[in-house]
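In this text, residue positions in the sequence shown follow the working numbering: the first is 83, and each later residue adds one. All C-beta atoms in this analysis are idealised placements derived from N, C-alpha and C, irrespective of residue type, glycine included. All figures in this text were calculated on a predicted structure; none of them were measured in a lab.
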Amino acid sequence: MPTPAKKSAARKTVNHALIGISSRFSYASRNLLVKAKFTLNYVYAKLTNETVFWIRRLAMNKRSLISIGTAATVFAVFITIATPAVAQGRGAQPRKPKPAVGAWWYKGDPQPPAPHADLTGVWFGGSISDISKDTLPGEQLVLTPYGAERYKKVDHAKDPNAQCLPPGPTRMTARAHPSMIIQRPDVVAVLSESEHIFRLIYTDGRDHPPDARDYPAWYGYSVGKWEGNTLVVDTISINDRTWLDLAGHEHSDKLHLTERFRLADPDTLEFIVTYDDPVFFVKPFTSKKVLKRQIGDYIFDHACLENEKDLENLVPTIGDDGRP
83 MPTPAKKSAA RKTVNHALIG ISSRFSYASR NLLVKAKFTL NYVYAKLTNE
133 TVFWIRRLAM NKRSLISIGT AATVFAVFIT IATPAVAQGR GAQPRKPKPA
183 VGAWWYKGDP QPPAPHADLT GVWFGGSISD ISKDTLPGEQ LVLTPYGAER
233 YKKVDHAKDP NAQCLPPGPT RMTARAHPSM IIQRPDVVAV LSESEHIFRL
283 IYTDGRDHPP DARDYPAWYG YSVGKWEGNT LVVDTISIND RTWLDLAGHE
333 HSDKLHLTER FRLADPDTLE FIVTYDDPVF FVKPFTSKKV LKRQIGDYIF
383 DHACLENEKD LENLVPTIGD DGRP
């Protein structure tokens with residue numbers, strides 16, 4: 083590579099050449115040439131010794147318009163063809179084509195078609211008011227004595243949703259705001275329009291970490307696999323601070339979810355969840371929510387903050403008094 087001194091000399095030579103040419107043309111042409119000077123810095127940094135030599139050699143006779151023009155022309159050609167070559171010589175890859183309009187997750191390589199259903203899109207099915215009313219035929223939500231006591235005395239003024247706290251993995255998908263699903267071969271992301279929240283479902287074949295239950299989180303830890311065109315998700319290690327619905331069904335940190343995302347048709351997504359929590363429920367039960375595809379590829383920006391000014395106006399509302 084040329085020394086900094088040689089690069090500086092080449093820079094001055096070409097600048098002088100451009101100025102010399104500009105003095106022989108109209109104001110508009112001179113303006114273009116002056117602007118061109120400021121686009122050359124990147125190329126100067128990549129000049130080879132041979133290029134520096136020829137630029138200086140061709141521009142040596144500044145009184146000759148032909149020599150100056152030739153030098154500038156050679157340099158312009160160099161800008162066009164040499165820069166990509168220099169970049170590739172350093173190991174860089176050719177510029178990749180942009181993905182098709184509407185691509186969701188772009189990291190440099192267009193993704194091949196998925197071998198199964200593509201859940202990518204914006205979905206909405208309304209909020210869950212009471213999961214006991216959304217159970218599948220033959221299924222029933224049966225509370226343990228402890229669960230029944232908690233349900234009877236639950237204070238709706240303390241709904242985590244009213245406190246602007248994270249809603250948990252299932253409630254976030256069935257709220258008064260739509261969700262966006264972004265699907266990759268190794269992970270599926272669920273984004274909610276509400277509160278800038280998201281969850282990740284790993285589909286790369288991994289299992290739950292051995293210590294996952296030692297660190298309960300708002301959305302737990304989720305791993306998924308495909309059964310035909312249904313994404314089956316296993317979620318554990320959810321903390322006990324979320325509610326399952328608006329009615330006030332709580333759960334413990336022993337909650338184990340088996341979720342199924344099934345694309346019934348291009349515009350309909352079935353969200354089927356089996357809840358298993360021996361602390362609150364006598365036996366596992368399964369609910370179903372139907373989400374519809376929304377037009378467009380955008381979710382709005384909605385913020386909910388824990389310092390919500392209306393919180394001080396909420397009064398205790400116990401049990402059935404706070405249920406729809």
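Roughly how many angstroms lie between the CA atoms of residue i and residue j, to the nearest whole one?
i: Ile320; j: His259; result: 22 angstroms
i: Arg112; j: Leu201; result: For Arg112, the predicted structure reports a pLDDT of 47, less than 50, and the residue's modelled location is therefore unreliable. The matter cannot be settled from this model.
i: Asn243; j: Pro249; result: 6 angstroms
i: Arg405; j: Ala329; result: 6 angstroms
i: Asp293; j: Asn395; result: 41 angstroms
i: Thr217; j: His384; result: 30 angstroms
i: Lys215; j: Ser369; result: 8 angstroms
i: His238; j: Trp300; result: 19 angstroms
i: Thr377; j: Leu273; result: In the sequence under discussion, the amino acid at residue 377 is Ile, which differs from the Thr named in the question. Rounded to the nearest angstrom, the two C-alpha atoms are 16 angstroms apart.
i: Gln245; j: Lys234; result: 21 angstroms
i: Arg288; j: Asp316; result: 11 angstroms
i: Gly407; j: Lys365; result: Here the chain has residues from 83 to 406 only, and residue 407 is not among them.
i: Thr399; j: Val236; result: 8 angstroms
i: Asp358; j: Thr252; result: 13 angstroms
i: Pro197; j: Arg375; result: 21 angstroms
i: Met262; j: Lys371; result: 16 angstroms
i: Arg232; j: Asp403; result: 14 angstroms
i: Gly401; j: Arg257; result: 21 angstroms
Over the uninterrupted beta strand (DSSP E) stretch that includes residue i, give me the two end residues.
i: Glu309; result: 303-309
i: Gly203; result: 203-206
i: Met254; result: Per DSSP, Met254 belongs to no beta strand (DSSP E) and is neither H nor E.
i: Thr280; result: Note that residue 280 is Phe in the sequence shown here, rather than Thr. 280-284 is the extent of the beta strand (DSSP E) around Phe280.
Residue i and residue j: beta carbons closer than 9 angstroms?
i: Phe363; j: Leu351; result: no
i: Val270; j: Thr255; result: no
i: Leu337; j: Asp322; result: yes
i: Glu341; j: Val355; result: yes
i: Phe367; j: Val224; result: yes
i: Trp325; j: Asp241; result: yes
i: Val204; j: Asp379; result: yes
i: Leu373; j: Phe206; result: yes
i: Glu275; j: Ile381; result: yes
i: Val361; j: Gly229; result: yes
i: Gly302; j: Leu339; result: yes
Can you find the residues in the same chain that come closer than 6 angstroms, C-beta to C-beta, to residue i, ignoring five residues on each side of it along the sequence?
i: Ala199; result: Asn311, Leu345
i: Ile283; result: Val270, Ser304, Gly306, Val315
i: Trp308; result: His198
Which stretch, first to last residue, makes up the alpha helix (DSSP H) that contains residue i?
i: Arg232; result: 227-235
Near residue i, what residues of its chain come up, given a Cβ to Cβ distance below 7 angstroms and the 5 sequence neighbours on each side ignored?
i: Arg295; result: Ile318, Ser319
i: Pro298; result: Ser319, Ile320, Asn321, Asp335
So, is residue i buried or exposed, given that buried needs 16 or more other C-beta atoms within 10 angstroms?
i: Gly208; result: exposed
i: Gln222; result: exposed
Using a Cβ-Cβ cut-off of 8 angstroms (strictly less than) and excluding sequence neighbours within five positions of residue i, which residues of its own chain qualify?
i: Thr226; result: Pro360, Val361, Phe362, Phe363, Val364
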